[in-house]
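Scroll down for the structure; my scribbles are underneath it.
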Amino acid sequence: MSAETPVCQLLERQAFDYRGWLWVAPPQDAWLEAGQGRLLSADAALCAAWQAKGVPRASPFEALDAAPPGAVLFWPKSHAQGEWWLLWLCAHLPPGTPLQLVGENQGGIKRVLKVLAALGLGCRKLDTARRCGLYATRLDRVGIDPDAAWTRFEAEGMTLVSHPGVFGHGKLDDGTRLLLGELPGTLEGRADKGRGDILDMGCGDGILAAWLARRGARVTAVDVNGFAVEATRRTLAANGLAGEALASDVYSALGDRTFDAIVSNPPFHHERAIDYGPAGRLIREAPAHLKPGGCLLLVANAFLPYPDLLEAAFGGFEILADDRRFRVYAATRDGRS
Ligand SMILES: C[S@@+](CC[C@H](N)C(=O)[O-])C[C@H]1O[C@@H](n2cnc3c(N)ncnc32)[C@H](O)[C@@H]1O
Numbered sequence: 008m009s010a011e012t013p014v015c016q017l018l019e020r021q022a023f024d025y026r027g028w029l030w031v032a033p034p035q036d037a038w039l040e041a042g043q044g045r046l047l048s049a050d051a052a053l054c055a056a057w058q059a060k061g062v063p064r065a066s067p068f069e070a071l072d073a074a075p076p077g078a079v080l081f082w083p084k085s086h087a088q089g090e091w092w093l094l095w096l097c098a099h100l101p102p103g104t105p106l107q108l109v110g111e112n113q114g115g116i117k118r119v120l121k122v123l124a125a126l127g128l129g130c131r132k133l134d135t136a137r138r139c140g141l142y143a144t145r146l147d148r149v150g151i152d153p154d155a156a157w158t159r160f161e162a163e164g165m166t167l168v169s170h171p172g173v174f175g176h177g178k179l180d181d182g183t184r185l186l187l188g189e190l191p192g193t194l195e196g197r198a199d200k201g202r203g204d205i206l207d208m209g210c211g212d213g214i215l216a217a218w219l220a221r222r223g224a225r226v227t228a229v230d231v232n233g234f235a236v237e238a239t240r241r242t243l244a245a246n247g248l249a250g251e252a253l254a255s256d257v258y259s260a261l262g263d264r265t266f267d268a269i270v271s272n273p274p275f276h277h278e279r280a281i282d283y284g285p286a287g288r289l290i291r292e293a294p295a296h297l298k299p300g301g302c303l304l305l306v307a308n309a310f311l312p313y314p315d316l317l318e319a320a321f322g323g324f325e326i327l328a329d330d331r332r333f334r335v336y337a338a339t340r341d342g343r344s
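Residue 8 is where the sequence shown starts when you use my numbering, and the numbers rise one by one after that.
Below, the structure is given as structure tokens:
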């Protein structure tokens, strides 16, 4: 099994024994899954893929069952999140554990030199190829609590809790604001006046879930990103609101549960690429997760090809708002829009 991604191709050519090592926040790559390392990731889709193959996996929100002989940190797009992983590894793995850091030049891997120096950790360049770099250090206690990365901000009269790598980190998205403006009028006539079972799909920091819970909805919030799920739990708690937040790749964790309404500002990016996959599944499978008469409410950039998907899934839809940049769509199960 050959490595598929440039970062894994760089690791593959190391002739290094990675048995038992932790792959921290890696991309999807069959070479990793076929090897003898363990996964540490907050990505629910990746964790599900590893679990399906029976390969061990762990989450940064649970204690590790055993210390690994070493770890490879795949430096993420968000530097603040990379720094968080580094602090987490320093706090949770024994001092002296070997750590390798790998990433694409375009993703700013060279910045790890400064980050490691600021923490008083040494750094050795191991290799560069495929427009990627590989560096080595050893972990140590650095006296900084990774939990300090959780931040709070105020929006819509609520406290929102966020974390590096969670969508819209620290500010309310303009599309989400447009959707919130449409919710009171739209929910008044539906979803038990907004107090029914409502699903927030792709919850991010939990702004929609908290807004709905404050209005009396029974909220379930899901996100593929474990940091977003944890942020939503903290947002609900910070506002004294009830609700359930689950890690889920679109509907994967929901079985055949149905809702009075599904609200979403759906994703259309994965890392740096445009990816309509999750939004497509969200729309196509929405009727199966709505009660009869239940509605899907979406906000999206006006250029995205959702009208065709909504037409195919629901047989019709309405545009509730359009500010030229974003549109709010509503579609109702059973063809009533
Ligand atoms: C545009 S953001 C919206 C966040 C938040 N609801 C808001 O309005 O600010 C889209 C969210 O979808 C999540 N997401 C991406 N892929 C997903 C998937 N396959 N399943 C569930 N959520 C996903 C992202 O992690 C992100 O939090």
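Backbone N, C-alpha and C define an ideal beta-carbon position, used for all residues, glycine too. Bear in mind the structure is a predicted one, so any value in this text is a computation, not a measurement.
Three-state secondary structure (DSSP) of residue 326: strand
9 Å Cβ cutoff met for residue 78 and residue 30: yes
According to DSSP, residues forming a beta bridge with residue 306: 335
Contact belief for residue 288 with residue 257 at Cβ below 8 Å, rounded distance in angstroms: 5 Å
Where residue 24 sits in the DSSP three-state scheme: coil
Pick from 265, 252, 263, 194 that is closest to residue 232, judged by C-alpha positions: 252
Contact check, residue 267 vs residue 298, beta carbons under 9 Å: yes
Neighbour-count burial assignment, residue 8, 16 or more Cβ in a 10 Å radius: exposed
Backbone secondary structure at residue 311 - three-state DSSP: coil
Residue 138 burial status per 10 Å Cβ neighbour count (16 or more: buried): exposed
Whole-angstrom distance between residue 332 and residue 302, CA atom to CA atom: 23 Å
Top-ranked residue by Cα proximity to residue 177, from 187, 214, 208, 329: 214
For residue 151, three-class secondary structure by DSSP: coil
Alpha-carbon spacing of residue 15 relative to residue 43, whole angstroms: 14 Å
Contact test: residue 256 Cβ vs ligand 1 heavy atom, cutoff 8 Å: yes
Buried versus exposed, by CB contacts within 10 Å (16 or more), residue 329: exposed
Residue 73 versus residue 135: straight-line alpha-carbon distance, rounded: 31 Å
Option in 217, 57, 169, 12 with minimal Cα separation from residue 190: 217
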